[in-house]
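Enquirer: Structure incoming, see below.
Number of protein chains: 2
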Amino acid sequence: MSGNRSIKKEQTRRALIDAALNQLSAERSFASLSLREVTREAGIAPTSFYRHFQNMEALGLTLVDESGLTLRQLMRQARQRIESGGSAIRTSVETFMEFISRNENIFRLLLRERSGTSRDFRAAIAREIAHFSLELADYIEAVTRRGGEFARIQADAMVILVFNAGAEALDMTAAQRKQLVEKTIRQLRMLDAGVSIYLKRSQNRENSRSNAGN
Amino acid sequence: MSGNRSIKKEQTRRALIDAALNQLSAERSFASLSLREVTREAGIAPTSFYRHFQNMEALGLTLVDESGLTLRQLMRQARQRIESGGSAIRTSVETFMEFISRNENIFRLLLRERSGTSRDFRAAIAREIAHFSLELADYIEAVTRRGGEFARIQADAMVILVFNAGAEALDMTAAQRKQLVEKTIRQLRMLDAGVSIYLKRSQNRENSRSNAGN
DNA sequence: TAGATTAGCTAACAACTGTACGCTAAATAA
DNA sequence: TTATTTAGCGTACAGTTGTTAGCTAATCTA
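Residue numbers (this note's numbering), protein chains in the order written: chain A, 1 to 214; chain B, 1001 to 1214.
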């Protein structure tokens, strides 16, 4: 299981994954990568690819899983920063943007294949985003004590807005990105203020209902 | 200019455009279409393609322009519905969703190429969305009398949320879509409520400032 | 040590791609 | 009428693709 052979195998598997990642760019989508290109970059024969993955789609799904992992690690870091003081919204947005700057191609992969031609891809990425959003909802619920439903809706909207800002950032200069961050933060704050209003309204409604009952 | 020849030419040009559109599907992206496939579907020789477009990208940009046009027409219809009574938010969301249901492949094209590998494509689609958003901002400004900046930020966020809901809807059943519409409407209402709070706050700040000045 | 397993290789395949070149026949211009 | 323009065609080429089949040599197992 951990013999010399399986170590070597794991190494070439990684080489394939890294080769695919290296070829990704603004001008090159995963869908446009060919099996032969990847093996060429990885330094193995085309036919050897099948010793590691059934096809390119399988490799791609592995990439998505790894991306999700990276994203989750990032979120943990962000929460640490928040607990040690600082605006939750600002810290989250800035952390996310930093992730994008550092992992442009991974983010591009998620962005593109989210509406790509492979149902499995789309499902995998939707799962990652849902996971991302659910953790944020838990956080919102814990901090603001808002009911689960409100927290979920807010989290979903926030994730969408932040992801979208990330997508826009990809084609922007550093200065433009800074502006974008501020705009996104304002959007999230407005959303947050709106949710708290709706929450109060629904609570008032419940109160008047229970008063009427007495 | 309007001779027999140029009429015929326009017809085959349309045939090419329609052929491309017909080949688009959940499993088939524009980027994956080949020039030969398109000409085959259009019923002309591969080499004749160049009589009409410089390359596939040029054809694609034409598709994007046409899609934007369709979208703008849709917006006009939506505004008519709103003026004849009904919730602006609900009407807008439902209209947009109807557009997606009727033009799945066009919407997929916009969605995919928005983060695709062609800079020109990305720019063209960003332009269309910005146009879309700006018209909404004008509408918000006219109806709510909110300042331009607030209206712009709100419109941007709304467009993002609605576009995103559309993207999610593509892989959903009719029942799921209905739920999604309700969720999106709630998100937009919350955002709207939040914007109005921020507006009041900034107005209060201005008032107290001018009071201090007196 | 002897036998089984297997990662990686080469060669080969049919299928496809974009595009250059030159021709034809019809529409247009003179 | 005659000359020019041009949409569409067939042929051709070099390049790429995914995948099959069978071999080699190293590693693992017993």
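For every residue, glycine included, the Cβ atom is placed at its ideal position computed from N, Cα and C.
Model, not experiment: these values are computed from the prediction.
Does the beta-carbon of residue 1168 (chain B) have 16 or more other beta-carbons within 10 angstroms, so that it is buried, or is it exposed?
Expert: Flag for residue 1168 (chain B) reads buried.
Enquirer: In whole angstroms, give me the CA-to-CA distance for residue 79 (chain A) and residue 39 (chain A).
Expert: Roughly 39 Å separates the two Cα atoms.
Enquirer: Inspect the beta-carbon positions of residue 1029 (chain B) and residue 1112 (chain B) and report whether they are closer than 8 Å.
Expert: Contact flag set, yes.
Enquirer: With a cut-off of 8 Å, does the C-beta of residue 1164 (chain B) fall near any C-beta of chain A?
Expert: Output row for residue 1164 (chain B): interface = yes.
Enquirer: Less than 8 Å between CB atoms is the rule here; does residue 1138 (chain B) satisfy it with respect to chain A?
Expert: Closer than 8 Å: no.
Enquirer: Would you list, in sequence order, the uninterrupted alpha helix (DSSP H) runs of no fewer than 4 residues that lie entirely inside the segment 1047-1088 of chain B?
Expert: Taking only runs of at least 4 residues, the alpha helix (DSSP H) segments lying wholly in the segment 1047-1088 of chain B are 1056-1083.
Enquirer: Which residue from B:1072, B:1067 and B:1013 puts its Cα closest to that of residue 1053 (chain B)?
Expert: Here the closest residue by C-alpha is B:1013.
Enquirer: With 9 Å as the limit, tell me which residues of the segment 107-137 of chain A have their beta carbon closer than that to any beta carbon of chain B; keep them in chain order.
Expert: Going along the segment 107-137 of chain A in chain order, one finds 108, 111, 112, 114, 115, 116, 117, 118, 119, 122, 123 and 126 with a Cβ nearer than 9 Å to chain B.
Enquirer: To the nearest angstrom, report how far apart residue 1076 (chain B) and residue 1082 (chain B) are at their CA atoms.
Expert: The straight-line gap from Cα to Cα measures roughly 10 Å.
Enquirer: Can you give, in chain order, each stretch of the beta strand (DSSP E) that sits fully within the segment 1112-1139 of chain B and has at least 3 residues?
Expert: Complete beta strand (DSSP E) runs here, min 3: none at all.
Enquirer: Measuring only the C-alpha atoms, how far is residue 186 (chain A) from residue 97 (chain A)?
Expert: Cα-Cα distance, rounded: 15 Å.
Enquirer: Counting only beta-carbon separations shorter than 8 Å, does residue 1069 (chain B) have a partner in chain A?
Expert: No, residue 1069 (chain B) does not count as interfacial toward chain A.
Enquirer: Do residue 1189 (chain B) and residue 1089 (chain B) come within 8 Å of each other at the CB atom, strictly closer than that value?
Expert: It is a contact, given that the beta carbons lie within the stated cut-off.
Enquirer: Can you tell me which of A:51, A:47, A:203 and A:94 puts its alpha carbon nearest to the alpha carbon of residue 183 (chain A)?
Expert: Minimum Cα distance to residue 183 (chain A) is reached at A:94.
Enquirer: Would you call residue 115 (chain A) buried or exposed, if buried means 16 or more other Cβ atoms sit within 10 Å of its Cβ?
Expert: Its Cβ being crowded by 16 or more others within 10 Å, residue 115 (chain A) is buried.
Enquirer: At 8 Å on the CB atoms, spell out the chain A contacts of residue 1029 (chain B), in chain order.
Expert: Result: 31, 116 and 117.
Enquirer: Any beta carbon from chain B within less than 8 Å of residue 187 (chain A)'s own beta carbon?
Expert: Cβ-Cβ to chain B under 8 Å: yes for residue 187 (chain A).
Enquirer: DSSP three-state call for residue 200 (chain A): helix, strand or coil?
Expert: Three-state DSSP puts residue 200 (chain A) in a helix.
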